[in-house]
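FYI, in my numbering the residues of the sequence shown are 1047 to 1467.
Note that beta-carbon positions come from the ideal geometry of N, C-alpha and C, so glycine has one too.
As structure tokens, the structure follows; a few thoughts come after it.
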Amino acid sequence: AAVQGAFAKHMAVSGVQALLDTCLADHTCTVEAAGLKLLAHLGSQAEPINGPLALHPGEDEQDKRVLGQVDALLARMGRGKADGANPYRGLSLGEMARASLERAGVAVKGRGMDELAPLAMARGPVYAQSTSDFPVVLENTLHKLMLMGFQAAPTTWERWCKIGDVTDFRAWKRLVPGLIGNLDTVTEEGEYKNKAIPDAVANSVQAVRRGNILQVSPEVIVNDDIGYISDLATALGPASKRAVERAVYALLESNPVLSDGVALFHASHGNLAASGAAPTVALLDAAAVAMAQQTAPGADAEYLDIKPSVAVVNTALRGAMRVLVDAVYDPDTANKLQRPNMVNGIVRDIVDTPRVAAAPWYLFADPSVAPVIEVVFLNGQREPRLAQEESFRTGGLAWRVEFPFGVGAIDYRGAYKNPGA
């Protein structure tokens, strides 16, 4: 608690959360040692007040040229707004490649595009002269298209999972601390007694490298196949975003085993219904009661009084769950009397997805209160990125799409599952 208190005012600083997790995971780390580590980290992030004057030059001619060509390509692909003042509007890929080579000092007169396209796509100096900026134009265009697709792709996992960051690919501990229970009564002449601090329960989550390599050949430039480039790059974004979505629901459906050797949803965890049935008012209320009765780690076993916040169901159950949660009067009452619905508003959100089985239904607590599944990203990289290189074998360009992330179950107390019927 003292370590967390020391870090509390600095959580907005990059890297402080990861440093806090490291200190909490190290039981030999004292409060003083943690404070010194925090000060050292804050110092490394600071800039001197009277430091050297930093000059930030504006865009040079090449920057403006690349930006104009990227905007012109996006407009041709229907992904941007056409600008009548843009000198590159309407130019084909081949025409842009030829212009880039001319600026690099390459003699292009009388040479076909089949010969010029590989030269324009070269990353290094062309014939020991200036470098063609055409690869930069392609890279910037692909990156913007990829991010457009990424941002447009719908996902649901963010609505009930915790989001975190890690700084490397090792397994990172996620602690569920025990509670110290109630304060002891002290008599008039009595002494204050020492209070044992229960050990924390730890599960782990780990980021892994994910990505693919895609190539564009010189033939694409020769044929001015901007539709192929647009479709390819735009598809990278949703593919990256779906990778997280699929990983989260695959983990949920697999019912992973936690560090205590018991599956995430299990009778001994008190978060699995004894028998499956479709959701009803009574079953939703029973699930909420079970979540409220979860206890903290340690011998004291203090009630956590966890409240459900999000229901996760198959899309086929969305309507039935919506009726149960939103109805003012009990929809299960056979004679339709105006009996108040005791589970009205029991959750703030209903997440429906075809990625879970048709019968089961789940309740989750707010991930900021009692997280169950955490998604971590490497060094805060929440979007895919491109790394570009020249392909010697094809004479074209290759792009490596990188999006490292990890998914892990970190606790069972904030969730409840009914197997359904």
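For this session: Would you kindly work out how many angstroms separate the C-alpha atoms of P1181 and K1287, rounded to a whole number?
Result: If I take the Cα positions, the gap works out to 26 Å.
For this session: Indicate whether the contact test is met: 3 or more Cβ pairs, each with one atom in the stretch 1191-1205 and one in the stretch 1273-1286, closer than 8 Å.
Result: yes
For this session: Please report how far the alpha carbon of D1372 lies from the alpha carbon of I1392, in whole angstroms.
Result: Straight-line Cα distance between these residues: approximately 9 Å.
Problem set entry | G1442 to I1267 span [Cα, whole Å] | 9 Å
For this session: Let me know if V1422 comes out buried or exposed under the rule of 16 or more other beta-carbons within 10 Å of its beta-carbon.
Result: buried
Problem set entry | Exposed unless 16 or more other CB atoms sit within 10 angstroms - verdict on Y1408 | Looking at its Cβ environment, which holds 16 or more other Cβ atoms inside 10 Å, Y1408 is buried.
Exercise. Which residue or residues does DSSP assign as beta-bridge partners of L1221?
Worked result: Answer is A1248, bridged to L1221.
Exercise. Tell me, which residues are paired with N1360 by DSSP?
Worked result: T1399
Exercise. For S1138, which residues from the same chain have a beta carbon less than 7 Å from its beta carbon, with the 5 sequence-adjacent residues on both sides left out?
Worked result: For S1138, where only same-chain residues beyond five positions count, the Cβ hits under 7 Å are D1270.
For this session: Under 8 Å by Cβ, that's how I've got D1457 and N1249 pegged, so tell me the actual separation to the nearest angstrom.
Result: 7 Å
For this session: Measure the beta-carbon distance from V1453 to L1297 and round it to whole angstroms, keeping in mind my assumption that it falls under 8 Å.
Result: 5 Å
Exercise. K1208: which of G1466, Q1434 and D1412 sits nearest, CA to CA?
Worked result: D1412
Exercise. Helix, strand or coil: how does DSSP classify W1407 here?
Worked result: Note: W1407 maps to strand in three-state DSSP.
For this session: Could you tell me which residues DSSP pairs with I1419 in its beta bridges?
Result: DSSP lists A1455 as partners of I1419.
Exercise. For the 8 Å Cβ check, are there 3 or more pairs between the stretch 1071-1086 and the stretch 1142-1150?
Worked result: no
Exercise. Touching or not, the stretch 1335-1354 and the stretch 1399-1408, by the rule of three or more beta carbon pairs under 8 Å?
Worked result: no
For this session: Throw me the rounded Cβ distance for the A1087 and L1065 pair, which I believe falls under 8 Å.
Result: Position check: residue 1087 holds His in this sequence, whereas Ala was assumed. Correct: roughly 5 Å between the Cβ atoms.
For this session: Please name the residue, chosen from A1345, P1325, Y1349 and P1264, that lies closest to A1336 on a Cα-to-Cα basis.
Result: Y1349
Problem set entry | DSSP-derived helix/strand/coil call for G1391 | In the displayed model, G1391 falls within coil according to three-state DSSP, outside both helix and strand.
Problem set entry | At least three beta-carbon pairs within less than 8 Å, the stretch 1324-1334 to the stretch 1382-1389 | yes
For this session: Give the C-beta separation of P1354 and F1410 to the nearest angstrom, bearing in mind that I take them to be a contact with Cβ-Cβ under 8 Å.
Result: 7 Å
For this session: Within the same chain, show all residues whose beta-carbon is closer than 7 Å to that of R1205, passing over the 5 residues directly before and after it, in chain order.
Result: V1356, D1395 and V1397
Exercise. In terms of residues, what are the limits of the beta strand (DSSP E) holding V1447?
Worked result: L1443 to E1448
Exercise. Using the beta-carbon count (16 or more within 10 Å), is D1376 buried or exposed?
Worked result: Counting Cβ neighbours within 10 Å, D1376 comes out buried, since at least 16 surround it.
Problem set entry | Residues that R1431 bridges to, as DSSP identifies them | E1448
Problem set entry | Among T1187, Q1252 and T1074, the one whose alpha carbon lies nearest that of R1125 | The candidate whose alpha carbon is nearest that of R1125 is T1187.
For this session: Can you give me the Cβ contacts of V1112 inside the same chain, cut-off strictly under 7 Å, excluding the 5 residues immediately before and after it?
Result: D1179, V1182, V1183 and N1186
For this session: Reducing DSSP to helix, strand and coil, say where V1303 ends up.
Result: strand
Problem set entry | 7 Å Cβ shell around E1265 - same chain, five flanking residues per side excluded | none
Exercise. Quick one, are the C-beta atoms of R1135 and A1118 less than 8 Å apart?
Worked result: yes
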